[in-house]
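Student: In the numbering used here, the protein residues as written are 16 to 425.
From the three backbone atoms N, C-alpha and C, an ideal C-beta is built for every residue, glycine too.
Below you'll find the structure I mean.
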């Protein structure tokens, strides 16, 4: 691939696949500053030849410089792939609006101001993180020191608070040409569901001239989500312990009439009960969306810890029957297992009566029947194949889904 030089900045252009992957990563549910920072590092370390940026010196560059270099590499790469593309940035402003619907603009600005690539270059602001306030004059001074010059048209957007307007102004300072990429992507086959959504949104914004009419675009996006199962815009975060819930909860919810993709529900599997507490403590101040937390019965201490900081809009559910596997109906377990292992052996409800945790019982049964080692993730996939109707829901599973239904109906 050719190496380009622009005013002593030397870089290797990004391919279509690299642009697509970067855009997909920017659309994942994660703190916007964190994921943008990660994508920036990946682009600059891989594609910038001069000045050379590495993991070691990345934060030695001002925030504005990093943004400018990413913008340059992205936009020039798009022009190479799509030489006659138009440039329209309505899709950018709207996607930042989706971000502030999901995440607190104030908290995101705080992360930027006190990040390594800003704080070291903006010492004269002289205010502490603990008493961070959104004073437009101070914030403009901080960002101007690191190469961000505000465009007043973003600071004058109606119906947004000062935090939201300032955040959009900061993010729009060095805009990447998403529009040009989407024009190119629209001519490709086998594009992802997310890219299809962005192409549709981009066309609606341009066709209806809705660049700053965020609420109307958002309503259109919700209609599109309901019809195309695009998951975004998000409406609810469900925070669970592990892989079993991640695989099965959307399926149980679906037979009960709640489609996660259609309704805008993001399920976050934390990897253990201790991680649930850590993740919730990390995101509860920064996320605007309601959060539903599900914990196994043995996580009472974790539940008590979360209860001390839980927000009014969030809910915590402690499974009374043990862990998630314990609230699966015995009939469903037997049907799924016998369908999968039918040639090796069969089980019946009497064999899996719970004397202790169901996973312990099943591990013993697996060994006795010659099914191999019992693994929760594999077991979840086996159960998933047999979930067909509301009759597959246990009483406690129905209670969990009722909570989800109530939270998305608000």
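Are residue 317 and residue 44 close, meaning C-beta to C-beta below 9 Å?
Tutor: Contact: no.
Student: Within its chain, find whatever has a CB closer than 6 Å to the CB of residue 397; leave out the 5 residues flanking it on each side and keep chain order.
Tutor: Around residue 397: 351 and 355.
Student: Give the range of the beta strand (DSSP E) segment to which residue 339 is assigned.
Tutor: Unbroken run through residue 339: none, as it is neither H nor E.
Student: Per DSSP, residue 268 is paired with what?
Tutor: None; residue 268 has no bridge partner.
Student: Could you check if residue 220 is buried or exposed, using at least 16 other CB atoms within 10 Å of its CB as the buried criterion?
Tutor: So residue 220 counts as buried.
Student: Starting from the Cα of residue 184, find the closest Cα among 193, 207, 158 and 201 and give me that residue.
Tutor: Nearest C-alpha to residue 184: 158.
Student: Based on the DSSP secondary-structure assignment, which residues constitute the bridge partners of residue 284?
Tutor: Paired residues: 255.
Student: Of all the alpha helix (DSSP H) runs that stay within the bounds of the stretch 73 to 133, which reach a length of 4 or more residues?
Tutor: Listed in chain order, they are 78 to 96, 105 to 117 and 120 to 128.
Student: In or out: residue 327 buried (at least 16 other Cβ within 10 Å) or exposed?
Tutor: Burial call: exposed.
Student: Would you grab the beta carbon distance between residue 132 and residue 196 for me? Rounded to a whole angstrom, and I think it's under 8 Å.
Tutor: At roughly 25 Å, the Cβ-Cβ gap does not stay under 8 Å, so residue 132 and residue 196 are not in contact.
Student: I'd like to know if the stretch 166 to 180 and the stretch 203 to 214 are in contact, where contact means that at least 3 CB-CB pairs between them fall below 8 Å.
Tutor: Taking 8 Å as the limit for Cβ pairs, the verdict is that the stretch 203 to 214 does not touch the stretch 166 to 180.
Student: Which value, in whole angstroms, describes the spacing of the CA atoms of residue 244 and residue 410?
Tutor: Whole-angstrom Cα-Cα distance: 28 Å.
Student: Taking 9 Å as the threshold (C-beta atoms), are residue 58 and residue 14 in contact?
Tutor: The structure shown does not extend to residue 14, since the chain is modelled only from 16 through 425, so no value can be given for it.
Student: Determine whether the beta carbon atoms of residue 192 and residue 163 lie at a separation below 9 Å.
Tutor: Result no, Cβ atoms of residue 192 and residue 163 do not sit closer than 9 Å.
Student: Could you compute how far the alpha carbon of residue 373 sits from the alpha carbon of residue 285?
Tutor: So the two alpha carbons sit approximately 21 Å from each other.
Student: Please specify which runs of the beta strand (DSSP E), each continuous and at least 3 residues long, are wholly inside the stretch 171 to 256, giving them in chain order.
Tutor: Qualifying beta strand (DSSP E) stretches, in chain order: 251 to 255.
Student: Inspect the CB distances between the stretch 110 to 125 and the stretch 299 to 310 and report whether three or more fall short of 8 Å.
Tutor: Segments in contact, yes.
Student: Tell me where the beta strand (DSSP E) around residue 65 begins and ends.
Tutor: Unbroken beta strand (DSSP E) run through residue 65: 63 to 65.
Student: Can you tell which of 348, 89 and 155 has its C-alpha closest to the C-alpha of residue 38?
Tutor: For residue 38, the nearest C-alpha among the options comes from 89.
Student: Could you check which residue in 225, 421, 358 and 279 has the C-alpha nearest to that of residue 242?
Tutor: Selected option, being the one with the closest Cα: 279.
Student: Could you give the DSSP three-state label for residue 331: helix, strand or coil?
Tutor: Of the three classes helix, strand and coil, the one that applies to residue 331 here is strand, per DSSP.
Student: Hey, how far is the Cα of residue 362 from the Cα of residue 335?
Tutor: C-alpha separation (whole angstroms): 26 Å.
Student: In three-state terms, what does DSSP make of residue 51?
Tutor: Residue state, collapsed to three classes: helix.
Student: Considering just the uninterrupted stretch of the alpha helix (DSSP H) at residue 4, what are its terminal residues?
Tutor: Nothing can be reported for residue 4: it is not among the residues displayed for the chain, which extend from 16 to 425.
Student: So residue 235 and residue 261 are in contact, right, with Cβ under 8 Å, and what is the actual spacing, rounded?
Tutor: Actually they do not touch by this definition, with Cβ atoms about 30 Å apart.
Student: What would DSSP say about residue 307, mapped onto helix, strand or coil?
Tutor: Strand at residue 307.
Student: Is it buried or exposed for residue 368, if we count other Cβ within 10 angstroms and need 16 for buried?
Tutor: So residue 368 counts as exposed.
Student: Do you know whose CA, among 99, 154, 97 and 273, lies nearest residue 429's CA?
Tutor: Residue coverage of the chain in this structure runs from 16 to 425, which leaves residue 429 outside it and unanswerable.
Student: Report the rounded CA-to-CA distance for residue 199 versus residue 385, giving the unit in angstroms.
Tutor: Those two C-alpha atoms are separated by around 53 Å.
Student: What are the boundary residues of the beta strand (DSSP E) that residue 25 is part of?
Tutor: Segment 24 to 26, the beta strand (DSSP E) holding residue 25.
Student: So for residue 415, helix, strand or coil by DSSP?
Tutor: In the structure shown, residue 415 sits in a helix (DSSP, three-state: H, G or I).
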